[in-house]
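Protein chains in written order, with this note's numbering: chain A, 359 to 507; chain B, 359 to 507; chain C, 359 to 507; chain D, 359 to 507; chain E, 359 to 507; chain F, 359 to 507; chain G, 359 to 507; chain H, 359 to 507.
There are 8 protein chains.
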Amino acid sequence: MTLNVYLSGEIHTDWRDQIMKGAAELDVAFDCPVTDHAASDDCGVAILGAEDNKYWHDHKGAMVNAIRTRKGIADADVVVVRFGDQYKQWNAAFDAGYAAALGKSLIILHGPDHAHALKEVDAAALAVAQEPAQVVEILRYVLTGALPQ
Amino acid sequence: MTLNVYLSGEIHTDWRDQIMKGAAELDVAFDCPVTDHAASDDCGVAILGAEDNKYWHDHKGAMVNAIRTRKGIADADVVVVRFGDQYKQWNAAFDAGYAAALGKSLIILHGPDHAHALKEVDAAALAVAQEPAQVVEILRYVLTGALPQ
Amino acid sequence: MTLNVYLSGEIHTDWRDQIMKGAAELDVAFDCPVTDHAASDDCGVAILGAEDNKYWHDHKGAMVNAIRTRKGIADADVVVVRFGDQYKQWNAAFDAGYAAALGKSLIILHGPDHAHALKEVDAAALAVAQEPAQVVEILRYVLTGALPQ
Amino acid sequence: MTLNVYLSGEIHTDWRDQIMKGAAELDVAFDCPVTDHAASDDCGVAILGAEDNKYWHDHKGAMVNAIRTRKGIADADVVVVRFGDQYKQWNAAFDAGYAAALGKSLIILHGPDHAHALKEVDAAALAVAQEPAQVVEILRYVLTGALPQ
Amino acid sequence: MTLNVYLSGEIHTDWRDQIMKGAAELDVAFDCPVTDHAASDDCGVAILGAEDNKYWHDHKGAMVNAIRTRKGIADADVVVVRFGDQYKQWNAAFDAGYAAALGKSLIILHGPDHAHALKEVDAAALAVAQEPAQVVEILRYVLTGALPQ
Amino acid sequence: MTLNVYLSGEIHTDWRDQIMKGAAELDVAFDCPVTDHAASDDCGVAILGAEDNKYWHDHKGAMVNAIRTRKGIADADVVVVRFGDQYKQWNAAFDAGYAAALGKSLIILHGPDHAHALKEVDAAALAVAQEPAQVVEILRYVLTGALPQ
Amino acid sequence: MTLNVYLSGEIHTDWRDQIMKGAAELDVAFDCPVTDHAASDDCGVAILGAEDNKYWHDHKGAMVNAIRTRKGIADADVVVVRFGDQYKQWNAAFDAGYAAALGKSLIILHGPDHAHALKEVDAAALAVAQEPAQVVEILRYVLTGALPQ
Amino acid sequence: MTLNVYLSGEIHTDWRDQIMKGAAELDVAFDCPVTDHAASDDCGVAILGAEDNKYWHDHKGAMVNAIRTRKGIADADVVVVRFGDQYKQWNAAFDAGYAAALGKSLIILHGPDHAHALKEVDAAALAVAQEPAQVVEILRYVLTGALPQ
Numbered sequence: 359m360t361l362n363v364y365l366s367g368e369i370h371t372d373w374r375d376q377i378m379k380g381a382a383e384l385d386v387a388f389d390c391p392v393t394d395h396a397a398s399d400d401c402g403v404a405i406l407g408a409e410d411n412k413y414w415h416d417h418k419g420a421m422v423n424a425i426r427t428r429k430g431i432a433d434a435d436v437v438v439v440r441f442g443d444q445y446k447q448w449n450a451a452f453d454a455g456y457a458a459a460l461g462k463s464l465i466i467l468h469g470p471d472h473a474h475a476l477k478e479v480d481a482a483a484l485a486v487a488q489e490p491a492q493v494v495e496i497l498r499y500v501l502t503g504a505l506p507q
Numbered sequence: 359m360t361l362n363v364y365l366s367g368e369i370h371t372d373w374r375d376q377i378m379k380g381a382a383e384l385d386v387a388f389d390c391p392v393t394d395h396a397a398s399d400d401c402g403v404a405i406l407g408a409e410d411n412k413y414w415h416d417h418k419g420a421m422v423n424a425i426r427t428r429k430g431i432a433d434a435d436v437v438v439v440r441f442g443d444q445y446k447q448w449n450a451a452f453d454a455g456y457a458a459a460l461g462k463s464l465i466i467l468h469g470p471d472h473a474h475a476l477k478e479v480d481a482a483a484l485a486v487a488q489e490p491a492q493v494v495e496i497l498r499y500v501l502t503g504a505l506p507q
Numbered sequence: 359m360t361l362n363v364y365l366s367g368e369i370h371t372d373w374r375d376q377i378m379k380g381a382a383e384l385d386v387a388f389d390c391p392v393t394d395h396a397a398s399d400d401c402g403v404a405i406l407g408a409e410d411n412k413y414w415h416d417h418k419g420a421m422v423n424a425i426r427t428r429k430g431i432a433d434a435d436v437v438v439v440r441f442g443d444q445y446k447q448w449n450a451a452f453d454a455g456y457a458a459a460l461g462k463s464l465i466i467l468h469g470p471d472h473a474h475a476l477k478e479v480d481a482a483a484l485a486v487a488q489e490p491a492q493v494v495e496i497l498r499y500v501l502t503g504a505l506p507q
Numbered sequence: 359m360t361l362n363v364y365l366s367g368e369i370h371t372d373w374r375d376q377i378m379k380g381a382a383e384l385d386v387a388f389d390c391p392v393t394d395h396a397a398s399d400d401c402g403v404a405i406l407g408a409e410d411n412k413y414w415h416d417h418k419g420a421m422v423n424a425i426r427t428r429k430g431i432a433d434a435d436v437v438v439v440r441f442g443d444q445y446k447q448w449n450a451a452f453d454a455g456y457a458a459a460l461g462k463s464l465i466i467l468h469g470p471d472h473a474h475a476l477k478e479v480d481a482a483a484l485a486v487a488q489e490p491a492q493v494v495e496i497l498r499y500v501l502t503g504a505l506p507q
Numbered sequence: 359m360t361l362n363v364y365l366s367g368e369i370h371t372d373w374r375d376q377i378m379k380g381a382a383e384l385d386v387a388f389d390c391p392v393t394d395h396a397a398s399d400d401c402g403v404a405i406l407g408a409e410d411n412k413y414w415h416d417h418k419g420a421m422v423n424a425i426r427t428r429k430g431i432a433d434a435d436v437v438v439v440r441f442g443d444q445y446k447q448w449n450a451a452f453d454a455g456y457a458a459a460l461g462k463s464l465i466i467l468h469g470p471d472h473a474h475a476l477k478e479v480d481a482a483a484l485a486v487a488q489e490p491a492q493v494v495e496i497l498r499y500v501l502t503g504a505l506p507q
Numbered sequence: 359m360t361l362n363v364y365l366s367g368e369i370h371t372d373w374r375d376q377i378m379k380g381a382a383e384l385d386v387a388f389d390c391p392v393t394d395h396a397a398s399d400d401c402g403v404a405i406l407g408a409e410d411n412k413y414w415h416d417h418k419g420a421m422v423n424a425i426r427t428r429k430g431i432a433d434a435d436v437v438v439v440r441f442g443d444q445y446k447q448w449n450a451a452f453d454a455g456y457a458a459a460l461g462k463s464l465i466i467l468h469g470p471d472h473a474h475a476l477k478e479v480d481a482a483a484l485a486v487a488q489e490p491a492q493v494v495e496i497l498r499y500v501l502t503g504a505l506p507q
Numbered sequence: 359m360t361l362n363v364y365l366s367g368e369i370h371t372d373w374r375d376q377i378m379k380g381a382a383e384l385d386v387a388f389d390c391p392v393t394d395h396a397a398s399d400d401c402g403v404a405i406l407g408a409e410d411n412k413y414w415h416d417h418k419g420a421m422v423n424a425i426r427t428r429k430g431i432a433d434a435d436v437v438v439v440r441f442g443d444q445y446k447q448w449n450a451a452f453d454a455g456y457a458a459a460l461g462k463s464l465i466i467l468h469g470p471d472h473a474h475a476l477k478e479v480d481a482a483a484l485a486v487a488q489e490p491a492q493v494v495e496i497l498r499y500v501l502t503g504a505l506p507q
Numbered sequence: 359m360t361l362n363v364y365l366s367g368e369i370h371t372d373w374r375d376q377i378m379k380g381a382a383e384l385d386v387a388f389d390c391p392v393t394d395h396a397a398s399d400d401c402g403v404a405i406l407g408a409e410d411n412k413y414w415h416d417h418k419g420a421m422v423n424a425i426r427t428r429k430g431i432a433d434a435d436v437v438v439v440r441f442g443d444q445y446k447q448w449n450a451a452f453d454a455g456y457a458a459a460l461g462k463s464l465i466i467l468h469g470p471d472h473a474h475a476l477k478e479v480d481a482a483a484l485a486v487a488q489e490p491a492q493v494v495e496i497l498r499y500v501l502t503g504a505l506p507q
């Protein structure tokens, strides 16, 4: 059993690296959005032509990024969504809702301060973790049955 | 043609009333979540028994509210999601993602300040409005073909 | 919003009546399996002809009952499954799994003694109640936003 | 043709080993839940943190196990569900219902004593067997057309 | 509960009338194909223009009839398919397969002589009856729980 | 049986009126796009604000119109798409493809000159007509079994 | 592009071999039912135990065969169904209906004598051929664009 | 992540080659219709027999081509549809609608002159490009995160 895991959400810390390194020996295929913030913001206009209006500048980029996000979520067995300490991160919550509606197994990753604000998102999840290492342990258990030592 | 419209998101202003009044003469059936904040937070423990742990207190409430939310979105032709000026409103973005994955027609309602933060959500929408009156005009046009005077 | 509710499971107590009476003033359409135990067991052979072999006797009845059960679950927004104190009640757990896979909102109803044995079933539910009155309160809250007094 | 087979249900006898050994030369990819009872019960709290309340202890474990179960059933062509002589085994019946609703080919495995109690579950199956060796023969026939000697 | 029932298959005896009369007092909405053989054969060319080639003559008719058949099966909860004593009746078996793939509850109606030839069709059914009156009894039982006197 | 029929495509002749009048006594519920060309082009900017760029002007209108189109096609049993003598009418062909992928019964309406260019579209249809009156005859036959006199 | 092709229907001539040999150099993965008539009839009782009643004897076999048939059709891009000169072949028509409802590309293979009786089945097909060699040519064209010499 | 990309539409310029060469080093699997115009027009009659009537000549070809088109679109993550300067190209718009209804990520490729006529098609797309090189850049960005230099 290969597990396809999509890592959505916060892009300002190295949580994806932690999970991918921690799960390196497991049969997991990871996918994630483009995490280069500037490239992600500008991809639409850089490829398809400049826009005078900032709204359409953003829009073209969001649409191009959606090609990758939709594919990543559609192919995933498990979608991990991390909420960081800063920013609105509405795209993270959107991805969580999108994945939930498709019946994907959701793991939500956030600190305890966000618990109340994320209660509807957490309610759609099969696991709510605080640390990337816990996500690794879940993946290990799901694939091998081994619990943390 | 009756249009089923679900009004998701911000609960601290009267935007739902504005839309429902504005569309009173149209063939629209509106639905929305429970918008009494205290009831919404406590419904789980009030009905199913108290929890010592705040996390599970919230969780039980979020699950009971999900019965209504899922039904409302599943039955909807159009899902309107409003983002207000305050709070994280992750449940609103979650609903938008959930509705998008089900192929519902999305209308997103927010002020210009949130445009960049909501670009991925807006990119999944068929209309992005700033005022409740614009949502009414969209519903009127969709149902009758009449444009605003 | 009319809520379609299917009442599955235990047939030896009056829990369905309690819920239907308690919810009499709510906009709920209830459905349930045939709860006459003898009729339910014998419907296949009574209509389609006797069988020498008890296995096929049972099988013909289970198939005819499935016509009603599938329709009831398919049409439901909410599926309530009650586990009583006695018997294996595998058909109740089967209905819960069937409803879960279709994305129905599940409410599981059972006494505390069964909590461990039902943990996988409860994990698929949006509410786990112990008393029929609690199911009524959930339906009332979902439809009206009113909490118990 | 590779057949994906998920082996659900009873975990106290070696029936899975019997089937996997018997089908060793066939083009079958087997999957199953974590069958270490203690690990399965405690995985939630071991990874995600202890709970004072036994209900939530169980719940967290059931949710983590569901990540594996859902993936296993979703990927399966055939779901075999065995009911043993003891315990309630509601999770087995739940899995059978879940698999049936997804249109998976079901094989139910149980002794004759359980025939009446399992009649609704059996009625959803394409085969009802009493011995693991019969499941092997079904897989061999389905893949090769060869009947038992 | 209103049951939508589609009556497919043999058009040379009055079995549909028998069922509709027998079920007159039940909450059933019946639908069926056009049963006027000549109209059914010629509808394509009569409306859309003559064809020199008999194959296309037949084809145009079959396509127009499919508009009704698809709607009838798609809307049905229960599809009854009768096989008479004569003719190939491949359209009946086609409808049965079509309905089975959509997860409709199938009732197959035929005399004992056809049992072996119809075994794959019967295997997809929830009931196999020999007489129209038995179909009426099934509908009565499914809707009311009453067995034949 | 009420038939839901969506009338897509050409907006410069009165073909919709001919069909609706011709089918006035039949149990058909018709729906169609907004056929006021100017309103249809400008609805986006009229409601949601002007755009300097003609592309986004058009885009906003097309998105608002899509709310109606998607609802109309999703609710339809039969989608009639007419191709007129002029213009590219790519939206008509798009609607035909969209409806085909959803499994709707398609009726294509066009003059003989377009037959070769529309062969892929016609190939997805259950009927290809040249005159609105033929569409009426199809609806009459489908609903009543009556052929043209 | 690998094309998955399921070969359903008549089992008394070597048409499957003709197609498989003719398409040997193409990127096609073929699947088919068990074509050993005796094994196919008896597989149920041979594996799962004898039945006194011929009906249940047949039924058990048909159910076991359905495990293979459903998998084969579900995995197929193209389903070829051949109708021979003899027998009722209702299982062939059933498979055609089943495949049609799943949106598979159907190729029907039969002699001209059956054209009228198969008109509804042919109407669901993308190609109607008379000879196995034509099916090979279709597969070659679909995969390579080459027409017969 | 391998991206499956289907290239639909205009067949008179080398845009497919440009995209395939430009993306040669990327993990993309391309598919497309048969682009030999004469073969595409005549495949039906060349394989399945001549037709006197040009309509059925075209029809048989369109149906055979649909086997390839449906497979290509069904397997695709991204569907690119190009509209050239000439011809009606209704099959291109049909493919775009078909792909949109299946939830595929659409990229539409056309010159600025067609913008108004294609506004409904463009409104269903995640990207609208003018040059094949832009499509290559989108694929590169989606797969690697790299923007054009």
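Ideal Cβ positions, reconstructed from N, Cα and C, are used throughout, including at glycine.
Closer than 7 Å, CB to CB, is F/L505 near chain E or not?
yes
Below 8 Å CB to CB, which residues in the same chain sit around H/L406 once its five sequence neighbours on both sides are set aside?
K418 and V422
Cα-Cα, which of H/L497, H/G455 and H/L501 is closest to H/V479?
H/G455
Quick check: what's the CA-CA separation for H/V403 versus G/Q492?
11 Å
Buried or exposed, going by whether 16 or more other CB atoms sit within 10 Å of the CB of B/N411?
exposed
For the beta strand (DSSP E) that A/D389 lies in, which residues bound it at each end?
V386 to D389
What does D/D416 touch in chain B if you count any residue whose Cβ is under 8 Å from its own?
What D/D416 touches in chain B: nothing, since even the nearest Cβ is about 13 Å away.
Give me, in chain order, the residues of the same chain whose beta-carbon lies closer than 7 Å to that of F/W495; leave out the 5 immediate sequence neighbours on both sides.
Going by the sequence as given, residue 495 of chain F is Glu instead of Trp. For F/E495, where only same-chain residues beyond five positions count, the Cβ hits under 7 Å are P506.
Taking A/T427 as the reference, give the member of B/G430, B/L384, B/N449 and B/A482 with the closest Cα.
B/A482
Could you tell me the distance, in whole angstroms, from the CA atom of D/W373 to the CA atom of D/P490?
6 Å
How is G/N362 classed by DSSP in three states: helix, strand or coil?
strand
On a CA-only basis, which of G/M359, G/H395, G/G430 and G/L467 is nearest G/Q376? Give me that one, please.
G/L467
From the DSSP output, read off the bridge partner residues of G/V493.
Paired residue(s): none; G/V493 is not in a bridge.
Rounding to the nearest angstrom, what Cα-Cα distance links C/S398 and F/D453 in this structure?
48 Å
Cβ distance (whole Å) where B/L476 is taken to contact B/V363 below 8 Å:
Their Cβ separation, rounded to whole angstroms, is 20 Å, which puts B/L476 and B/V363 out of contact at 8 Å.
Within-7 Å CB hit, C/M421 to chain E:
yes
In the DSSP assignment, find the unbroken alpha helix (DSSP H) run with C/L406 in it and report its ends.
H395 to L406
If you measure from the beta carbon of G/S366 to each beta carbon in chain H, is any gap under 7 Å?
no
Kindly give me the distance between the Cβ atoms of F/Y413 and H/A485, rounded to whole angstroms, as I take these residues to be in contact under 8 Å.
No, F/Y413 and H/A485 are not in contact; Cβ-Cβ is about 13 Å, not under 8 Å.
Measure the CB-CB distance between D/V436 and D/S463 and report whether it falls below 7 Å.
yes
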